[in-house]
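For reference, each letter of the sequence shown is one residue, going 1040 to 1557 in my numbering.
Below is one structure, written out as C-alpha cells; comments come after it.
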Amino acid sequence: MIIFEWVLAILLGAVLLSVLANKIAVPYPALLALGGTVIAFVPGAPRIVLEPDLALALFVAPVLLDAAYDTSPRDLRDNWLPVTCLVLVAVGLTTGAVALVAHGLTAMPWAAAIALGAIVAPPDAAAATAVLRQVRLPHRIVTILEGESLLNDASALLIYRVAVTAMSAGSITLSFAAPTFLLTVLGSLIAGPVLALTYMRFVAVLNRSGDAPTSVLLQFIGTFGVWLLADRMGLSGILTIVAYAITIARRAPATTPARVRVPSYAVWETAVFVLNVLAFVLIGLQIGPIFEGLAPDQRTGYLFISAAVLATVVLVRFAWVMSYNAVARWRIERVGFHPPRPMMAPTVKGGLVVSWCGMRGIVTLVAALALPNGDGGPAFPFRDLIIFVAFAVVLGTLLLQGLTLRPLLMKLNLRDDDPVGQEVARARLVAYQAALASLQGEQSRLAEALRVELEDALVQANGQAAVADPNGSADGLRLRAVNSARSALLGLRRSGEIGDAAFHRLEEEMDRIELSAS
C-alpha cells in the first residue's frame, strides 16, 4: 500500500510539474527528472530500482511504437543520409570518444569502456519525442531528429551487446561480431513486418465487431508481445518494434473504422504521457540507490568522471553535426540543392539545433542497470561507476539541453515554408473532390445538402469540416463520400505525393465527418 500511495503522489507531482513546464515554456522531461532526483533525497522516499528487462518493455516499447507509427518512410528516405550518419557515425564516434576518456581516467578495460560509450551514445526516443512535441521546428529537422531517435538505440545497443559479451568472454573477434550484428539487424527488419501482418489478420478474425475497448487492449498486447518475442529470439526489440509499427501504420488506416481509431489515439496519447511521466521521474529516483552504494570518498571522483563523459558526449555530437552541416552546405554551393520535394536546405542554425537535441533518457539508464551485477557469475567491472555516469549523463543532458532548447529556438527563429501544410491543402482538395464525385447522379435533397456541406468544408481556411446535417437518413451518402475521400488520401500516400504527417491530419478530418454519420 505504501508503494501505491507513493505512485499516486508521484503521478500527481508529475502532473503539477508538467503544468509548470508549460507555464515556464520548458520541456517537461527535464523537470520530471529533476523532481525525481529531489524526491530521492527526501527522508522515507521509496527506493525503487528499475528492473532492466521490465523497464525496456514497459517504457520503451509503447513510446517507441507511438513515435514510429507517426514516422513517414517517405520523409526518412528523403533524408536518409543525415539520419544514417547520426545513427551510425555519430553513435560510433561518441562510443569511441567516451571509451577513450573512461579508459584514460580510470584504466577501465577497453570492453567495459566501449560498453559505457555505447550506453551513453544514443539520444533517447522518449526524450526526443517529448521535447519535439512541445516546440515548433522546420519539418526537415523534425524528420531527422525523429528518425535518429528511432534507430540509434538499436545501433548503440548492438555495440553494447558485443562489448558486454567480449568483457564476459575475455575477447571477441570481428568474424564473430559482424555476422551476429548483420543477422540481428536483418532478422529484426524481417520479423517486424511479418509480426505486423500476422497481428492484423489475427485481430481481424478476433475482433470482427470493431469494439473500441477490445481493439485498444489488443494493440497494447500486440506491442508488448512483439517486444518480448523479439527479445526471446535474440533480435533487436527496438528495430523490430519500429518495423512493426511502420507496417501497421501503412495498412491499418484502410481497415480501421473511425469509431475505433479516434478513441484508440486518445488512449495511446494518455498512456504514452503517463509512461513518459513515470520513466523520467524514476530516472531521478535512481540516484538514491546509486548514492547509497558509494563510499563518501568515491563521490568526488565519480562526479569528475561523469562531468568529463558528459562534456565528451555533448562536444562530440556538436563537432560531428556541424562538420557534416558544413560539408552539406559546401556541396550545395557547388551543385545546388535539389531535394525530391520542397524542404529547408541545411543551414548553420539548423545544425546548431540538431547538435543541441541530444537528450539521453530511459534506454541509457536501463542499459547501465542491465550490466551483470554478480548474481550467478562475476560482476561487470566498474559497474557502479558506469551506472553513476549513465545517470549523470541522462540528468545532465535533460537539464542542460532540455531547459535551454526553447530559448535557443527562439533566438535562432527557424522557419520553413510549412511543407506539411502545403501537402495538407493539396490533399484536401483531392480528397473532397473525390467525395463530391461519389455523389454524382444523386438528385435528392439530402445529396444536395451533403454537396453543400463538403464544398463548405473544402473552402474553409482552417480545414474543419462543416457542421453535419442532423438528418440521419443522409448517413449512407455521407459514408460513401468519406470512403471515396479516404481512398483518395490512401492513394496519395502510397504514391508518395504526401507524407504521413499530412495524411494523419486529413485522416482526423475524415474521421470527424465519418463519426457525424454514426
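Note that CB positions come from ideal geometry on N, CA and C, so glycine has one too.
For residue i, does the count of other Cβ atoms within 10 angstroms reach 16, so buried, or fall short, so exposed?
i            : result
residue 1504 : Residue confidence is low: residue 1504 scores 42 on pLDDT, short of 50, so the model does not pin down where it sits. Its coordinate-derived value is still stated next. Residue 1504 should be labelled buried.
residue 1417 : exposed
residue 1293 : exposed
residue 1457 : exposed
residue 1359 : buried
residue 1162 : buried
residue 1553 : buried
residue 1374 : exposed
residue 1229 : exposed
residue 1258 : buried
residue 1510 : Caution applies to residue 1510, whose pLDDT of 42 falls short of 50 and renders its modelled position unreliable; the model cannot decide the point.
residue 1345 : buried
residue 1244 : exposed
residue 1003 : As shown, the chain starts at 1040 and ends at 1557. That puts residue 1003 outside it, with no answer to give.
residue 1412 : exposed
residue 1105 : buried
residue 1419 : buried
residue 1114 : buried
residue 1049 : buried
Compare the Cα-Cα distances from residue i to each of the options and report the closest residue.
i            : options                   : result
residue 1241 : 1230, 1386 and 1261       : 1261
residue 1424 : 1357, 1152 and 1282       : 1152
residue 1445 : 1528, 1393 and 1095       : 1393
residue 1551 : 1534, 1520, 1218 and 1390 : 1520
residue 1395 : 1288, 1402 and 1355       : 1355
residue 1339 : 1400, 1431 and 1376       : 1431
residue 1282 : 1051, 1227, 1365 and 1419 : 1227
residue 1310 : 1473, 1255, 1269 and 1160 : 1255
residue 1558 : 1179, 1380 and 1188       : Since the first and last residues shown for the chain are 1040 and 1557, residue 1558 lies out of range.
residue 1233 : 1343, 1362, 1280 and 1220 : 1280
residue 1131 : 1118, 1158, 1377 and 1427 : 1158
residue 1266 : 1101, 1220, 1116 and 1225 : 1101
residue 1449 : 1065, 1046, 1141 and 1301 : 1065
residue 1462 : 1526, 1239 and 1381       : 1381
residue 1352 : 1341, 1433, 1197 and 1308 : 1433
residue 1137 : 1549, 1455, 1429 and 1437 : 1429
residue 1178 : 1453, 1325, 1470 and 1530 : 1453
residue 1044 : 1084, 1054, 1063 and 1061 : 1084
residue 1334 : 1376, 1427, 1534 and 1114 : 1427
residue 1298 : 1546, 1048 and 1049       : 1546
residue 1268 : 1235, 1438, 1041 and 1387 : 1235
residue 1129 : 1295, 1362, 1050 and 1263 : 1362
residue 1103 : 1312, 1341, 1378 and 1377 : 1312
residue 1347 : 1144, 1127, 1308 and 1086 : 1144
residue 1042 : 1051, 1086 and 1237       : 1086
Can you name, in chain order, every residue of its own chain whose Cβ lies under 7 Å from the Cβ of residue i, other than the five neighbours on each side?
i            : result
residue 1542 : 1528 and 1532
residue 1285 : 1107, 1110 and 1112
residue 1435 : 1349
residue 1056 : 1067, 1070, 1071 and 1074
residue 1367 : 1385
residue 1180 : 1389, 1392 and 1393
residue 1401 : 1094, 1098, 1099, 1163, 1165, 1318 and 1322
residue 1199 : 1154, 1157, 1158 and 1406
residue 1516 : 1478, 1481, 1485, 1486 and 1489
Can you find the residues in the same chain that come closer than 8 Å, C-beta to C-beta, to residue i, ignoring five residues on each side of it along the sequence?
i            : result
residue 1512 : A caution first: residue 1512 carries a pLDDT of 44, below 50, which makes its placement in the model unreliable, though a value can still be read off. Cβ neighbours of residue 1512 beyond the five flanking positions: 1485.
residue 1501 : Legend: pLDDT at residue 1501 = 43, less than 50; position of this residue unreliable, value from coordinates given subsequently. Excluding positions up to five away in sequence, the list is empty.
residue 1059 : 1070
residue 1139 : 1152
residue 1523 : 1473, 1474, 1476 and 1477
residue 1371 : 1384 and 1385
residue 1490 : 1475 and 1478
residue 1536 : 1462, 1465 and 1466
residue 1197 : 1220, 1223, 1224 and 1275
residue 1538 : 1111, 1113, 1114, 1459, 1462 and 1532
Might you give, ordered along the chain, the residues of its own chain that have their beta carbon closer than 6 Å to the beta carbon of residue i, omitting 5 neighbours on each side?
i            : result
residue 1289 : none
residue 1118 : 1182 and 1183
residue 1250 : none
residue 1147 : 1141 and 1421
residue 1287 : 1235
At a cut of 8 Å, does the segment 1103-1111 reach the segment 1316-1323 through at least three beta carbon pairs? no
Entirely enclosed alpha helix (DSSP H) segments - the segment 1329-1360, minimum 4 residues: DSSP runs (the alpha helix (DSSP H)) wholly in the segment 1329-1360: none.
For the pair the segment 1086-1104 and the segment 1400-1410, tell me if three or more CB-CB distances fall below 8 Å. With a cut-off of 8 Å, the segment 1400-1410 and the segment 1086-1104 count as touching, because enough Cβ pairs lie within range.
Unbroken beta strand (DSSP E) runs of length 3 or more, entirely within the segment 1050-1118: which are they? none
Can at least three beta-carbon pairs, one atom from the segment 1177-1194 and one from the segment 1113-1122, be found at a separation below 8 Å? yes
Enumerate, from N- to C-terminal direction, the unbroken beta strand (DSSP E) stretches of 3 or more residues contained entirely within the segment 1115-1197. none
Determine, using beta-carbon pairs with one atom in the segment 1321-1331 and one in the segment 1075-1088, whether at least three such pairs fall under 8 Å. yes
Which whole runs of the alpha helix (DSSP H) in the segment 1408-1450 are 4 residues long or more, in chain order? 1422-1436
Ignoring anything shorter than 4 residues, give me the alpha helix (DSSP H) runs that lie fully in the segment 1205-1289, in order along the chain. 1213-1245 and 1251-1271
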